[in-house]
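Below you'll find the structure, written out as structure tokens, and then a few comments.
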Amino acid sequence: MIRIRDLTKVYNSASGPVKALDGINLDIEKGDIFGIIGLSGAGKSTLLRCINLLEKPTSGSIEIDGVEMTSLSPRELKEMRKKIGMIFQHFNLLSSRTVWGNVAFPLEIAGFDRKAIDEKVSKLLELVGLSDKAKAYPSQLSGGQKQRVGIARALACDPTVLLCDEATSALDPETTLSILKLLKDINEKLGITMVVVTHEMNVIKQICNKVAVIERSRVVEQGTTFEVFSRPKTQTARNFLKSVLINEIPEELKTKIKALNGNLAEGRVVKIGFFGETTGKPILSEVVKKYDVNANILFGNIDHIQGVPFGTLVVQFEGKNGTADRALGHLRELGLDVEVMEIG
Amino acid sequence: MAETARLLWSATVESIYMVAVSVVIASLFGIPLGILLYSTDRGRILEKDWLNKILGVIVNIFRSIPFVILLIMLIPFTRWLVGKTIGTTAAIVPLSVAAIPFMGRITESALREVDRGVIEAAQAMGASPLQVITKVLIPEALPSIAAGITITAINLVGYSAMAGVIGGGGLGDLAVRYGYQRFMLDITLYTVAILVVMVQLIQVLGDLVVKHLSRHR
Ligand SMILES: Nc1ncnc2c1ncn2[C@@H]1O[C@H](COP(=O)(O)OP(=O)(O)O)[C@@H](O)[C@H]1O
Ligand SMILES: [Mg+2]
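These protein sequences, in sequence, are chains A and B. Residue numbers for the first sequence, in our numbering: -9 to 334. Residue numbers for the second sequence, in our numbering: 119 to 335.
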């Protein structure tokens, strides 16, 4: 539903041209929560702002539901923008208006009458859980409450797309989770497509079904969140993953494995990555029985991404006459990532 | 004594009249001018470089002419506009002309204080430039604009006394005709005292309005 092709954006700054986007191609499907992650200055905000043409692309195409955004007249663009909600890192609420007034704002702009506005605003405030704050001013709200107002405001004209630029980056971890949960609920309830720009992998992990990694103005990796989490292709993706997955083997364990490797005549210490459906099956015990090996779990961690289990185990296999190696071969055939740990 | 009081009273009323009307006219023209200066600037909602440059030059020219000289230069214009060149009503013309560009600059800088993010949010919702001006810029900048009107009014108190010198009436005129030309030092002192009180009152009143407008921020 959002099709981005060969999108390029060059800023003409005082110190010369800056290429903020360089040949971006993305397909975002209806109902997706599409994450865009990258380090500061990578071009994430520029990409997001090109979608609703807050930034005019230098070249390339942006199609939303078959409408080419770059060729709209100013009037058509205004109409189109009413169907694209946006929320911001710093909320960008009107300090001169109450919570109620802020949510009513886009409806006033769209020309709804008083009665329709009143009805819609109370519904929206209920949706975001702020009915009791209707008369409060933004200065009287916490960050999380402000973002809830921002979300209610963005949903006022029943958008089909919601653009989120670092929507939780100014919030504490607990509030971040509650806002992410609200976004996820809205996505499920209303089927709104969301584009979520962030520099925090946790945000991607919590709510996104797809993710694109952007680095130095280019998309360097993209896929389902599960794909990127389980088999990251770029170092950038791996670095981001470090912050959310406890994949790193503790130092003490490495020392221990080193000692084990010294003593192990016919054994292996392996790191096994479990993804998806394999996690639920008793694979390890099957292998132990079938190949008559001993399995000693040294380290383990299981997480969930998009409701799919995902984990790492460090296991010491012992067996005679090459049975350990055959057991490993079997695990590989089942589609598990098996890595023999050569430490020391 | 009663005669002095009567003179002071009518001069005070004249001064208040000149300042009040000039403030209203300066706001009526100066605020839209400020909006235009702001919104046609580079990177703003109605970016128009040439218009911005022309307005900027005109505003700067008027602001660099000393008020006494402006008073004299505007005599033909005043005669054409109000049919006379002497008296309080005639004085309102140069007072307003001097205050409009000042109010314009003050409004411009008040609007610049409005968070770009808020303007952008409105644009992202499909607001037109006019809607951004009426529903975002002005409400958000209102406390600063009110503070600007206060400063303009205080400046106009000083200018109105100067306008009196060329027969504009009001406290300045009184001080010159009686205090200076007839050596009535007490009249001069009284006018100064009244001007001080006027400025204080405007400031206190302005501060109250600004405080009220920004009570939720
Ligand atoms: N208005 C602008 N003018 C000039 N350069 C800009 C502008 N906005 C962003 N940039 C530059 O474009 C690059 C990408 O910026 P941005 O999209 O904000 O990155 P991110 O959101 O990933 O931190 C940066 O190098 C930034 O300095
Ligand atoms: Mg950014």
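We put the beta carbon where it would ideally sit given N, CA and C, even for glycine.
Start-to-end residues for the beta strand (DSSP E) that takes in residue i
| i | result |
| --- | --- |
| F220 of chain B | Here F220 of chain B belongs to no beta strand (DSSP E); instead the alpha helix (DSSP H) covers 206 to 230. |
| P299 of chain A | 298 to 308 |
| G257 of chain A | 257 to 265 |
| N291 of chain A | 284 to 295 |
| F24 of chain A | 23 to 27 |
| Y156 of chain B | Note, Y156 of chain B: premise wrong, no beta strand (DSSP E); alpha helix (DSSP H) at 120 to 157. |
| C154 of chain A | 151 to 155 |
| M76 of chain A | 74 to 77 |
| E32 of chain A | One point to set straight first is that residue 32 of chain A is Ala, not Glu, in the sequence displayed. Unbroken run through A32 of chain A: none, as it is neither H nor E. |
| Q212 of chain A | 208 to 214 |
| V185 of chain A | 183 to 188 |
| E329 of chain A | 327 to 330 |
Where residue i falls, given that 16 or more other Cβ within 10 Å makes a residue buried
| i | result |
| --- | --- |
| Q299 of chain B | exposed |
| L235 of chain A | buried |
| T166 of chain A | buried |
| L292 of chain B | buried |
| V111 of chain A | buried |
| L146 of chain B | exposed |
| E241 of chain A | exposed |
| G334 of chain A | Its pLDDT being 45, under 50, G334 of chain A is placed unreliably in this model, and the coordinates cannot settle the point. |
| I190 of chain B | exposed |
| Y1 of chain A | exposed |
| V328 of chain B | buried |
| G282 of chain B | buried |
| L155 of chain B | buried |
| W90 of chain A | buried |
| S86 of chain A | buried |
| A227 of chain A | buried |
| D325 of chain B | exposed |
| K(-1) of chain A | buried |
| E303 of chain B | Reading the sequence as shown, one finds Leu at residue 303 of chain B and not Glu. So L303 of chain B ends up on the exposed side. |
| L120 of chain A | buried |
| F72 of chain A | Reading the sequence as shown, one finds Lys at residue 72 of chain A and not Phe. Under this definition K72 of chain A is a buried residue. |
| G288 of chain B | buried |
| S214 of chain B | buried |
| A106 of chain A | exposed |
| E69 of chain A | exposed |
Residue i Cβ short of 8 Å to ligand 1 heavy atom set
| i | result |
| --- | --- |
| V139 of chain A | no |
| G213 of chain A | no |
| K34 of chain A | yes |
| G222 of chain B | no |
| I204 of chain A | yes |
| A160 of chain A | no |
| G312 of chain A | no |
| G25 of chain A | no |
| A10 of chain A | yes |
| G297 of chain B | no |
| G207 of chain A | It is Ser, not Gly, that sits at residue 207 of chain A in the sequence shown. Correct: S207 of chain A has its Cβ closer than 8 Å to ligand 1. |
| L37 of chain A | yes |
Enclosing alpha helix (DSSP H) for residue i [first to last residue]
| i | result |
| --- | --- |
| E59 of chain A | It is Met, not Glu, that sits at residue 59 of chain A in the sequence shown. Counting along the chain, M59 of chain A falls outside any alpha helix (DSSP H), and DSSP gives it neither H nor E. |
| P7 of chain A | Here P7 of chain A belongs to no alpha helix (DSSP H); instead the beta strand (DSSP E) covers 6 to 18. |
| Q94 of chain B | With chain B covering 119 to 335 only, the question about residue 94 of chain B has no answer from this structure. |
| T313 of chain A | 313 to 323 |
| T166 of chain A | 163 to 180 |
| E116 of chain A | 104 to 117 |
| L173 of chain B | 167 to 182 |
| K136 of chain A | 133 to 145 |
| K279 of chain A | 273 to 281 |
| R228 of chain A | 225 to 232 |
Proximity test, residue i beta-carbon vs ligand 2 heavy atom, cut-off 8 Å
| i | result |
| --- | --- |
| E238 of chain B | no |
| S49 of chain A | no |
| V186 of chain A | no |
| D155 of chain A | yes |
| S3 of chain A | no |
| S357 of chain A | As shown, chain A starts at -9 and ends at 334. That puts residue 357 of chain A outside it, with no answer to give. |
Would you say the region 131 to 140 of chain A touches the region 9 to 19 of chain A, given that touching needs at least three Cβ pairs under 8 Å?
no
Is the number of C-beta pairs between the region 194 to 203 of chain A and the region 21 to 31 of chain A that are closer than 8 Å three or more?
yes
Three-pair Cβ contact test at 8 Å for the region 231 to 246 of chain B versus the region 254 to 267 of chain B
yes
Would you be able to state if there are at least three C-beta pairs under 8 Å between the region 133 to 150 of chain A and the region 60 to 67 of chain A?
no
Counting pairs of beta carbons, one from the region 300 to 320 of chain A and one from the region 277 to 284 of chain A, are three or more of them closer than 8 Å?
yes
For the region 266 to 278 of chain B and the region 137 to 151 of chain B, state whether three or more C-beta atom pairs, one from each stretch, are separated by less than 8 Å.
yes
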